[in-house]
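Trainee:
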Amino acid sequence: MTAAKALDGPALLPGCSGEQADAPSAYTQRELGAETHGVFPTTWVTLPYEQLPQAWKDRKAKDPKSDPVCPLRLSLYGHPMAGVFWERYCQARLKEAGFVPVPGWECLFVHWDLQCMLSVYVDDFKVAGITENIPKAWDAIRASGIQLDEPVPFAHYLRCNQHTIK
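Heads up, the sequence shown is in the numbering used here, so the first residue is 12 and it goes up one at a time.
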């Protein structure tokens with residue numbers, strides 16, 4: 012929360028502003044354990060009937076006790092390692108985008124060339140800095156592979172309603 016609030020000040024400076032965006036289905040943007048194959052055990056799951064391939068439905072029709080499983084491929088919310096895998100993926104992508112971590116702050120980054128700061132809390136992204144560079148910061152994040160919704164000016168973020176007083 013403090014890292015996110017730290018961006019409010021710079022966003023109010025002359026020539027600066029701030030925006031926020033969500034990463035839709037953040038955990039599923041990364042394969043489960045992709046960077047650590049063989050280190051963690053495979054997670055096996057059953058699929059809802061409506062998601063089963065037709066061949067599996069046919070097998071289940073012949074043997075109702077049949078309950079086929081498959082390896083969980085995408086990192087889903089609720090998996091014990093989902094947050095770890097998303098954080099590693101996100102930090103690696105942000106580094107590719109030119110953002111460097113602020114020492115001592117695990118969720119605060121700076122892009123020195125664009126003069127923008129970024130706060131990331133799970134799937135909530137918040138950028139503040141030179142107004143004309145903010146779209147470039149979002150473009151760099153997207154180009155690195157992180158999917159984002161369209162950014163909006165600061166609004167409701169981490170249960171805080173933010174707005175500029177005119």
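Note that beta-carbon positions come from the ideal geometry of N, C-alpha and C, so glycine has one too.
(1) Beta-carbon within less than 6 Å of D134's beta-carbon, same chain only, minus the 5 sequence neighbours each way: which residues are those?
(2) Could you say which of K16, F110 and E61 lies nearest to I145 if we only look at CA atoms?
(3) For I152, does the three-state DSSP call read helix, strand or coil?
(4) Check C101 in the structure and name its three-state DSSP category.
(5) Examine the Cβ distances between the stretch 65 to 80 and the stretch 19 to 34 and report whether three or more of them are shorter than 8 Å.
(6) Please identify the residue among L58, S86 and G20 whose C-alpha is closest to the C-alpha of W97.
(7) Report the three-state DSSP secondary structure of I145 (helix, strand or coil).
(8) List the residues that DSSP assigns as beta-bridge partners of A32.
(9) Between the stretch 111 to 120 and the stretch 60 to 67, do three or more beta carbon pairs fall short of 8 Å?
(10) Between the beta-carbon of R104 and the beta-carbon of G26, is there less than 7 Å?
(11) Under 7 Å, do L18 and A139 count as touching if we go by C-beta distance?
(12) Going by DSSP, what residue range makes up the alpha helix (DSSP H) through W67?
Mentor: The relevant details are as follows:
(1) Translated into positions along the sequence shown, residue 134 becomes position 123. So the list reads D33, A34 and A37, once near-sequence residues are dropped.
(2) As a position in the sequence shown, residue 145 is number 134, starting the count at 1. The shortest C-alpha separation from I145 is found at F110.
(3) Counting from one through the sequence shown, the residue named residue 152 turns up at place 141. The answer is helix: DSSP assigns I152 an H, G or I state.
(4) Locating residue 101 in the sequence shown gives position 90, where the first residue counts as 1. Collapsing the DSSP output to three states places C101 in a helix.
(5) Short answer: they don't touch.
(6) The residue you call residue 97 lines up with position 86 of the sequence shown. Check the Cα spacing between W97 and each of L58, S86 and G20: the tightest is with S86.
(7) Position 134 of the sequence shown, counting from 1, holds the residue named residue 145. Helix.
(8) Within the sequence shown, numbered from 1, the residue matching residue 32 stands at position 21. Beta-bridge pairing links A32 to F136.
(9) Cβ pair count under 8 Å is below three, so no.
(10) Mapped onto the sequence shown, residue 104 falls at position 93. Mapped onto the sequence shown, residue 26 falls at position 15. No; because the gap between Cβ atoms is not below 7 Å, this pair is not in contact.
(11) The residue you call residue 18 lines up with position 7 of the sequence shown. The residue you call residue 139 lines up with position 128 of the sequence shown. Closer than 7 Å, so yes.
(12) Start at 1 with the first residue of the sequence shown, and residue 67 comes out as number 56. Q65 to K73 is the span of the alpha helix (DSSP H), which, as asked, contains W67.
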